[in-house]
Amino acid sequence: MSSTERMSSNPGFLPGHSDQLQLLMRAVECARNGIVITDPSRTDNPIIYANPAFSQLTGYANEQIIGRNCRFLQRDDREQPAVKELRDAISKEVPITTILKNYRRNGSHFWNELTVSPVKDEHGKVSNFVGVQNDVTARIDSEKRVQEFYSVISHELRTPLTSIHGALTAVEDGSAGRVNAQVMRLIRIAVDNSTRLMRLINDILDWKQLEAGKFKLNLANFDPQEAVESVVHELQATAEGKMVILVPEILPHHPILADQDRIVQILSNLTANAIKFSPPKGIVKIRLEAPARDTIRFTVTDQGPGIPPAQMDKLFVRFQQLDSSDTRKKGGSGLGLAICKAIVELHGGNIGVSSQVNEGSSFWFEIFS
Ligand SMILES: Cc1cc2nc3c(=O)[nH]c(=O)nc-3n(C[C@H](O)[C@H](O)[C@H](O)COP(=O)(O)O)c2cc1C
Numbered sequence: 008m009s010s011t012e013r014m015s016s017n018p019g020f021l022p023g024h025s026d027q028l029q030l031l032m033r034a035v036e037c038a039r040n041g042i043v044i045t046d047p048s049r050t051d052n053p054i055i056y057a058n059p060a061f062s063q064l065t066g067y068a069n070e071q072i073i074g075r076n077c078r079f080l081q082r083d084d085r086e087q088p089a090v091k092e093l094r095d096a097i098s099k100e101v102p103i104t105t106i107l108k109n110y111r112r113n114g115s116h117f118w119n120e121l122t123v124s125p126v127k128d129e130h131g132k133v134s135n136f137v138g139v140q141n142d143v144t145a146r147i148d149s150e151k152r153v154q155e156f157y158s159v160i161s162h163e164l165r166t167p168l169t170s171i172h173g174a175l176t177a178v179e180d181g182s183a184g185r186v187n188a189q190v191m192r193l194i195r196i197a198v199d200n201s202t203r204l205m206r207l208i209n210d211i212l213d214w215k216q217l218e219a220g221k222f223k224l225n226l227a228n229f230d231p232q233e234a235v236e237s238v239v240h241e242l243q244a245t246a247e248g249k250m251v252i253l254v255p256e257i258l259p260h261h262p263i264l265a266d267q268d269r270i271v272q273i274l275s276n277l278t279a280n281a282i283k284f285s286p287p288k289g290i291v292k293i294r295l296e297a298p299a300r301d302t303i304r305f306t307v308t309d310q311g312p313g314i315p316p317a318q319m320d321k322l323f324v325r326f327q328q329l330d331s332s333d334t335r336k337k338g339g340s341g342l343g344l345a346i347c348k349a350i351v352e353l354h355g356g357n358i359g360v361s362s363q364v365n366e367g368s369s370f371w372f373e374i375f376s
């Protein structure tokens with residue numbers, strides 16, 4: 008039986024006290040994380056032990072470490088929130104895990120994911136602290152790069168695109184003056200494409216907020232009929248362009264407490280999809296009803312090609328489009344339905360689909376009040 012097997016089944020089976028200590032010592036010396044032990048009974052809680060990985064991580068030799076408080080790794084960078092968190096946890100003698108910026112002997116910085124735990128003696132009194140250092144620089148740096156990428160998308164891409172789109176729309180709706188039919192044809196193509204690009208950018212930014220749990224809903228009471236009307240108004244021209252007929256079906260209903268803009272966004276996404284997949288002269292129904300006193304249900308039904316049963320569970324998963332050749336033909340970020348699902352679920356609601364191949368699909372979602 009190996010010593011690890013003996014340890015895990017029963018630590019008392021270790022051959023002797025000094026063997027056990029030697030094993031622990033070797034394990035700590037071989038660990039890839041930095042490990043330090045401090046002595047709070049001495050002035051300023053100095054380090055009394057540091058393993059080789061701590062020296063390797065920080066670039067300091069053992070004799071430059073022992074006897075100092077660990078804060079020397081912070082240099083002048085003392086205003087970090089994590090430093091205060093550490094001070095508080097240590098004074099309360101509770102364990103803490105945090106991330107802070109530290110500096111190596113050569114002046115370069117690293118992000119230290121640090122866990123400090125009190126070590127208690129046989130009377131339950133804290134005799135020492137043990138600190139475990141994990142260099143998470145690569146992770147933090149890549150998170151920062153991702154953050155920068157989103158900020159570029161938001162500021163350098165969305166902001167100018169919004170103004171291009173605004174200018175093109177002003178030409179399209181005539182408010183910028185008259186243009187001839189040939190120019191108008193080009194303008195319409197440009198408006199269509201800038202709309203698609205804006206939708207894609209907004210989808211990417213929404214998805215990021217949703218994933219980070221930072222997506223906020225503005226809840227208010229409103230009449231859900233307004234959402235249906237606004238979507239019909241918004242997509243009427245697109246539907247006409249594809250010779251698709253939009254039919255709102257408003258059944259008895261009641262007000263809901265929800266984020267109106269987001270409900271419009273979901274309904275608009277489902278309706279735009281339905282138009283996209285409709286045959287010419289196809290009908291897209293947008294139905295509003297209250298199947299129960301506390302429930303409002305929206306259903307968007309098309310007469311498109313339908314969805315094969317095997318593909319159904321892929322639908323609401325991000326970056327899944329059912330068929331990549333279709334994606335190119337129909338456009339779309341592959342995020343739309345995943346975003347709809349996430350926003351419906353943030354409202355505490357449900358979303359789903361029923362479909363018959365060659366007959367059409369019905370996408371629905373329910374919001375509870
Ligand atoms: C066991 C132990 C390990 C520590 N390791 C580090 C470390 O690796 N890097 C660091 O910046 N601070 C570390 N600290 C925290 C500092 O020693 C100190 O507690 C912190 O800076 C807050 O206290 P201060 O305001 O007195 O500096 C550690 C503390 C303890 C008890």
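With my numbering applied, the sequence shown covers 8 to 376. All residues carry an ideal CB built from backbone N, CA and C; glycine is no exception. Fair warning: this is a prediction, and the values are worked out from it, not measured in the lab.
Below 8 angstroms on the Cβ atoms is my contact criterion, and I expect Ile-282 with Ala-244 to pass it. Report the Cβ-Cβ distance as a whole number of Å.
What you label residue 282 is simply residue 275 of the sequence shown in a count that begins at 1. What you label residue 244 is simply residue 237 of the sequence shown in a count that begins at 1. With 8 angstroms as the limit, Ile-282 and Ala-244 do not qualify as a contact, their Cβ atoms being about 11 angstroms apart.
If you count every other CB in all the chains shown that lies within 10 Å of the CB of Gly-248, and 16 or more means buried, which is it?
Position 241 of the sequence shown, counting from 1, holds the residue named residue 248. So Gly-248 ends up on the exposed side.
Can you give the Cα-Cα distance for His-116 and Gly-341, rounded to whole angstroms?
By one-based count along the sequence shown, residue 116 stands at place 109. By one-based count along the sequence shown, residue 341 stands at place 334. Each residue's alpha carbon lies about 39 angstroms from the other.
Rounded to a whole number of angstroms, what is the C-alpha to C-alpha distance between Glu-218 and Asp-128?
As a working note, residue 218 is residue 211 in the sequence shown. As a working note, residue 128 is residue 121 in the sequence shown. In a straight line, the C-alpha of Glu-218 is about 44 angstroms away from that of Asp-128.
Taking 8 angstroms as the cut-off, is the C-beta of Val-43 nearer than that to any heavy atom in ligand 1?
Stepping through the sequence shown from its first residue, residue 43 is reached at position 36. Under cutoff, so the answer is yes.
Return the residue from the list Asp-46, Arg-78, Ala-197 and Ser-98 that minimises the CA-CA distance to Ser-170.
Residue numbering aside, residue 170 sits at position 163 when the sequence shown is read from its first letter. Nearest C-alpha to Ser-170: Ala-197.
Does at least one heavy atom of ligand 1 sit under 8 angstroms from the Cβ of Gly-341?
In the sequence shown, residue 341 corresponds to position 334, counting from 1. No - ligand 1 has no heavy atom lying nearer than 8 angstroms to the Cβ of Gly-341.
Between Glu-86, Pro-88, Glu-373 and Gln-81, which has its C-alpha nearest Gly-114's C-alpha?
What you label residue 114 is simply residue 107 of the sequence shown in a count that begins at 1. Out of Glu-86, Pro-88, Glu-373 and Gln-81, Gln-81 has the C-alpha closest to the C-alpha of Gly-114.
Expressed to the nearest angstrom, what Euclidean distance is found between the alpha-carbon atoms of Lys-132 and Ile-270?
As a first step, residue 132 is located in the sequence shown; it is residue number 125 there, counting from the start. As a first step, residue 270 is located in the sequence shown; it is residue number 263 there, counting from the start. Approximately 57 angstroms between the Cα atoms of the pair.
Whole angstroms are fine: how far does the CA of Ser-275 sit from the CA of Ile-303?
Counted from its first residue, the sequence shown places residue 303 at position 296. Counted from its first residue, the sequence shown places residue 275 at position 268. Taking the straight line joining both Cα atoms gives about 17 angstroms.
Less than 9 angstroms between the beta carbons of Ile-293 and Thr-306, yes or no?
For the purposes of this step, residue 293 is identified with residue 286 of the sequence shown, where counting begins at 1. For the purposes of this step, residue 306 is identified with residue 299 of the sequence shown, where counting begins at 1. Result yes, Cβ atoms of Ile-293 and Thr-306 sit closer than 9 angstroms.
With DSSP as the reference, please indicate the residues paired to Gly-41 in a beta bridge.
Taking the sequence shown and counting its residues from 1, one reaches residue 41 at position 34. Gly-41 is bridged to Gln-140.
Could you tell me how far apart the beta carbons of Phe-370 and Leu-224 are, in whole angstroms, since I believe they sit closer than 8 angstroms?
The sequence position of residue 370 within the sequence shown is 363, counting from 1. The sequence position of residue 224 within the sequence shown is 217, counting from 1. Not a contact, Cβ separation roughly 21 angstroms.
Name the residue from Glu-296, Ala-89, Met-205 and Arg-33 whose alpha carbon lies nearest to the alpha carbon of Trp-118.
As a working mapping, residue 118 is identified with position 111 in the sequence shown. Looking at the Cα atoms, Ala-89 is the closest of the given residues.
Here's a check: name, in chain order, each residue in its chain whose Cβ is nearer than 7 angstroms to the Cβ of Val-324, leaving out the five neighbours to either side.
Position 317 of the sequence shown holds residue 324. Ala-345, listed in sequence order.
Hey, would you say Ala-38 sits closer than 9 angstroms to Ala-60, going by beta carbons?
Position 31 of the sequence shown, counted from the start, is the residue given in the question as residue 38. Position 53 of the sequence shown, counted from the start, is the residue given in the question as residue 60. Yes, the Cβ-Cβ distance between Ala-38 and Ala-60 is below 9 angstroms.
Taking 6 angstroms as the limit, name every residue whose beta carbon sits nearer than that to some heavy atom of ligand 1, in sequence order.
Residues flagged by the Cβ proximity filter: Val-43, Thr-45, Asn-52, Asn-76, Cys-77, Arg-78, Leu-80, Gln-81, Val-90, Leu-93, Arg-94, Ile-97, Leu-107, Asn-109, Asn-119, Leu-121, Val-123, Phe-136, Val-137, Gly-138 and Gln-140.
Just to check my reading of the structure: Asp-210 and Gly-41 have Cβ atoms closer than 8 angstroms, yes? What is that Cβ distance to the nearest angstrom?
In the sequence shown, residue 210 corresponds to position 203, counting from 1. In the sequence shown, residue 41 corresponds to position 34, counting from 1. About 42 angstroms; that fails the 8 angstroms criterion.
Can you name the start and end residues of the alpha helix (DSSP H) that Lys-283 belongs to?
On the sequence shown, residue 283 is found 276 positions in, with the first residue counted as 1. 267-283 is the span of the alpha helix (DSSP H), which, as asked, contains Lys-283.
Taking just the CA atoms, how far does Met-191 sit from Arg-185?
Walking along the sequence shown from the start, residue 185 turns up at place 178. Walking along the sequence shown from the start, residue 191 turns up at place 184. Rounded to whole angstroms, Arg-185 to Met-191 spans 9 angstroms at the Cα level.
Any heavy atom of ligand 3 closer than 8 angstroms to the CB of Thr-122?
This structure simply doesn't include ligand 3; it includes ligand 1 instead.
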